Every structure is written in C-alpha cells, then in structure tokens.
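Residue numbers (the numbering used here), protein chains in the order written: chain A, 1 to 223; chain B, 224 to 446. By construction, the Cβ of each residue, glycine as well, lies at the ideal position given by its N, Cα and C atoms. These figures come from a predicted structure and were not determined experimentally. One structure is given below, encoded as structure tokens.
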DNA sequence: GCCGGCTGTAACCGCTTTGTTACCCGCAAC
DNA sequence: GTTGCGGGTAACAAAGCGGTTACAGCCGGC
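Rendered as structure tokens:
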C-alpha cells in the first residue's frame, strides 16, 4: 500500500512518514505542491495526505489536479478553526481532513478508515501523447487504433512506463513497481511481460517503435 | 432521504434537525440510546447521526447494535480531544465523526459526503435507462418486461451497480457494500450472487447483455 | 413438525493469466 | 574462434478466476 505525503514542514513530514512506515505502508514524500503532483504521477499512490499550506501549489490546487484524473482518497491537513478551508477542501473532493496538531495515532486511525472505506480503488484514464490507458476498462489505446485489452500486470507495466514517458525506467524499479518486492534477480519475468505487452501494442512486435529497450531498462516513446 | 439523529441534548438535537430539514432531509429524532435503536428499527433511516454520550445506551453501543444488522452510514458526534472515543468509534464501524462543537455547515458537508460515498446520495437514481428498481417492492424491471422479484442481497447488488451505471465497480467494493465487512477473500459469494441475479434479469443468462463482467469487477450496461 | 425460499459453501470445468524453462541470436571480451 | 552475457522468443506448467451445478443450513410460514 503506497501513500503520498505532501507537507512543506520537514519535521512533520518525517513524523508522518515514520508513523506510516511503522504501520507497514510504503511512503512517498513531497515537500511542495509541484513535487506532490509529480510524485503522484510517478508513483500512483493509493492515498494522498496533503497539507493545505505549501509553496508552489497549495493543497487545494493539488487536490483539484489530482481529482481531475483520479479518485484516490485524499486527506487534507488543516489548521484548527479555519472552517472555510475545511468546507472548501471537502468541496474539492477531499475525503477527509485532520486538524493540526494531531497525534500520530489519530492520523493512522483515520487513514485506515479512509482506505477501508475506499476499498482501494483506482479509476484513472491516463494519457500521454499517442498512448492512453484506461484503468477501469483495463485497456490501452495507441493513437487512433482500437483499444486493446491488457492484463493486470501488462497494465501496471504500461502505467509505470507512461508515468515516465520518454525516459528510461530501470528494470529493478519496474520489477519493484509491478510485482511489489521481488528480489532483483528475476529479469525473466520482466522480459516476458515486455514481450507480451509488445505483442499487444506494437504494430510490428519484432521491431518495436513504442516500447523500446534502453540501457538497464525500458522506455516508452510517445511522439 | 431519511436521517436519524440521536442526541440527549435537546438544543443540539433541534439545531441539527433544523439544519438537515432545511437541506431537504427527513429527520427522525431520538433522545437516548434505546429510543435511537427503536426508531432505527421502525424507520430504517438512510443515515444515522449518533452522539456518543447518551443515557440508556451509549453511542458506541447503539452503533454496534446497528452494525450488527445494517451497513447504513453512521456518523458519531464526539468531544474534541477524546481520541480514545474516536478510535473506538471507527473500530466499531462508524463511517465518520464530528467533533463538538461543530458548525451546521460542516455537519451538512460531511453528511453529504457520507451519502455520496455510500452510493445513496439524494439523487441516486432508482432508474437508469432500461433498468429500474423498486426498493419497497423488492423488484426490478428491465425495459418493458414484467417486474422481477429480487431478494435483499440481489437488490442491494443491483442498486450498487445502478448507482454506477455504465462504470465498472470493483469486486472488493461490491463485497464491502453488499455484505458489509467481508475482507477481500470471499469472491465466491459475489460470484454466486451475480449468477443468481443474472438468472432473474437477463433474457439469456448465459450471454449477459446487462450485467457484464468487467476487469476486476462488474458493470451494468443501461443504454 | 413440514415446506419453500434465501444464503453460504464446496466442487468442477474451461479459459486466461502468470511463472518457468529452454533455446536462439548478436555482440563484446578474451 | 570461443565464451559469456543480455535480450528476444517459444513452449509448457501452474495458478487464478469466472461460470456453473449441487447441496446444506437457516428461517419464516403453514
């Protein structure tokens, strides 16, 4: 379970991160609004914790941007007494909020409740250049071709590559993201999965133009 | 939309009741735990607001009792700072809570959010396209065919799918919404229920046109 | 008691997905 | 050349999952 924590206060960020890590969650951190959005794209977390006051983009703006492409549960951190903030946050699609200061235990309880309620679900159409994927339908569409049905793993792989479109992604990182926590050695799985994915999305699977082999990994070319 | 409000403080009860009534909800009131349970049985409300401190039975006990027979959204009213209460309430199956004192606007926002989440929002359609259901009669009608009698579970499943008509609904989410508390493992139940529902609403149950299997779940096609 | 409907459980089938093993080829180092 | 390596490919085995049938427990009505 992957959580994104965005807060500009380093101490608080670390406290939250520590608490959640202890509880068994994988925590991604971001120190400001833009970074939060970037990590969100890269990591596709299952839940997002957003401070309202952040440099660059406010928590509101980040929440709005996230809501435009995903329904992941969002928890906002607010300052006590700022009721306007609260109402605005909920209006923007935030699922819950927490008044600062709060205790780690409370945070954990609320996050668990949110995850339980959300049933951890992800309905996000993602699209970069000529490649787009539909997480709900489990399909990918290349250019104007008909959507292709993908399996769970194929979709996850493509999602990872799409999140880093144009840049090579390390094999180890892909293994990590797609299978979870395999120890490094299992390149064969990745090899197979890439092969199967190419069969589905490449016009000529023997001469890939989309999903290219790069140094120590793969990359998606979207131009 | 029927809401049950249980609080022993008459002033607060009236304030809440006023707010919710203004917002267009039908409000049932109860002044103590036993009364709350009784009204719950009689009225079958769509959402319950429970104060924790009540004579007779505490909000915890009422919540527990309600949870034993229903999954209606429950919102608890707690005293700020009583973190124990909060954790306990969420553990008992409460869906949300509000710290006293709170503003009517906040209460309303949270209640709307809860109803939306539960899929029984104000405007939850009982009829979409060619599919309509009757919650009182326990029937479903497809197009111009004669209404079909459904069981409690079948109806709940269909209601969930109808609330998300056209979109796939995750199996876990369906399990959660239909049975309440089951953790992921019990796909067999869902499989069965879908099968039974198809027997009733599909013209040819072997080749479904309405209730389709989607990646990671099911969806209702209504055009 | 008996009966019938509802719900939960188990088992089976067939298909898809995923993991594993093996082999091929090109390339660079030796 | 030969060797080793890494990637691509094929074939097969294992696991998972949805659909289906069958059956047992439960409960309410008679």
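Can you give the Cα-Cα distance for residue i and residue j, rounded to whole angstroms?
i: residue 413 of chain B; j: residue 9 of chain A; result: 45 Å
i: residue 208 of chain A; j: residue 198 of chain A; result: 7 Å
i: residue 331 of chain B; j: residue 168 of chain A; result: 48 Å
i: residue 121 of chain A; j: residue 275 of chain B; result: Only weak support is given to the placement of residue 121 of chain A: the predicted model assigns it a pLDDT of 37, under 50, and the question is left unresolved by the model.
i: residue 338 of chain B; j: residue 299 of chain B; result: 14 Å
i: residue 378 of chain B; j: residue 385 of chain B; result: 10 Å
i: residue 69 of chain A; j: residue 95 of chain A; result: 15 Å
i: residue 229 of chain A; j: residue 2 of chain A; result: In the structure as shown, chain A begins at 1 and stops at 223. Residue 229 of chain A is therefore absent and cannot be evaluated.
i: residue 313 of chain B; j: residue 297 of chain B; result: 10 Å
i: residue 250 of chain B; j: residue 264 of chain B; result: 15 Å
i: residue 211 of chain A; j: residue 166 of chain A; result: 10 Å
i: residue 437 of chain B; j: residue 325 of chain B; result: 42 Å
i: residue 37 of chain A; j: residue 43 of chain A; result: 10 Å
i: residue 78 of chain A; j: residue 417 of chain B; result: 43 Å
i: residue 219 of chain A; j: residue 230 of chain B; result: 60 Å
i: residue 157 of chain A; j: residue 150 of chain A; result: 10 Å
i: residue 397 of chain B; j: residue 410 of chain B; result: 10 Å
i: residue 11 of chain A; j: residue 295 of chain B; result: 39 Å
i: residue 425 of chain B; j: residue 136 of chain A; result: 24 Å
i: residue 106 of chain A; j: residue 336 of chain B; result: 20 Å
i: residue 86 of chain A; j: residue 92 of chain A; result: 10 Å
i: residue 63 of chain A; j: residue 271 of chain B; result: 29 Å
So that I know if they touch, is there some Cβ in chain B lying closer than 8 Å to that of residue i?
i: residue 86 of chain A; result: yes
i: residue 90 of chain A; result: yes
i: residue 137 of chain A; result: yes
Got a sec: is the Cβ-Cβ distance from residue i to anything in chain A below 8 Å?
i: residue 419 of chain B; result: no
i: residue 329 of chain B; result: yes
i: residue 336 of chain B; result: yes
i: residue 388 of chain B; result: no
i: residue 391 of chain B; result: yes
Can you give me the Cβ contacts of residue i inside the same chain, cut-off strictly under 7 Å, excluding the 5 residues immediately before and after it?
i: residue 34 of chain A; result: 56 and 57
i: residue 222 of chain A; result: 128, 129, 130, 131, 165 and 166
i: residue 196 of chain A; result: 154
i: residue 39 of chain A; result: 4, 28 and 30
i: residue 440 of chain B; result: 391, 392, 393, 394 and 397
i: residue 67 of chain A; result: 92 and 93
Can you name, in chain order, every residue of its own chain whose Cβ lies under 6 Å from the Cβ of residue i, other than the five neighbours on each side?
i: residue 238 of chain B; result: none
i: residue 204 of chain A; result: none
i: residue 327 of chain B; result: 242
i: residue 244 of chain B; result: 250
i: residue 423 of chain B; result: 371
i: residue 65 of chain A; result: 37
Output, in chain order, the set of chain A residues within a Cβ distance shorter than 7 Å of residue i.
i: residue 438 of chain B; result: 137 and 138
Output, in chain order, the set of chain A residues within a Cβ distance shorter than 9 Å of residue i.
i: residue 332 of chain B; result: 86, 87, 90 and 91
So, at 8 Å on beta carbons, what are the nonlocal neighbours of residue i in its own chain, with the 5 sequence-adjacent residues on each side left out?
i: residue 364 of chain B; result: 354, 355, 356, 357, 370 and 371
i: residue 375 of chain B; result: 361
i: residue 282 of chain B; result: 229, 256, 273, 274, 275, 276, 299, 300 and 312
i: residue 401 of chain B; result: 376, 379, 380, 383, 413 and 416
i: residue 17 of chain A; result: 5, 27 and 29
i: residue 61 of chain A; result: 33
What do you reckon, is the C-beta of residue i under 7 Å from a heavy atom of the ligand PLP?
i: residue 2 of chain A; result: Inclusion of the ligand PLP in the displayed structure is not the case, the ligand content being empty and no account of it being possible.
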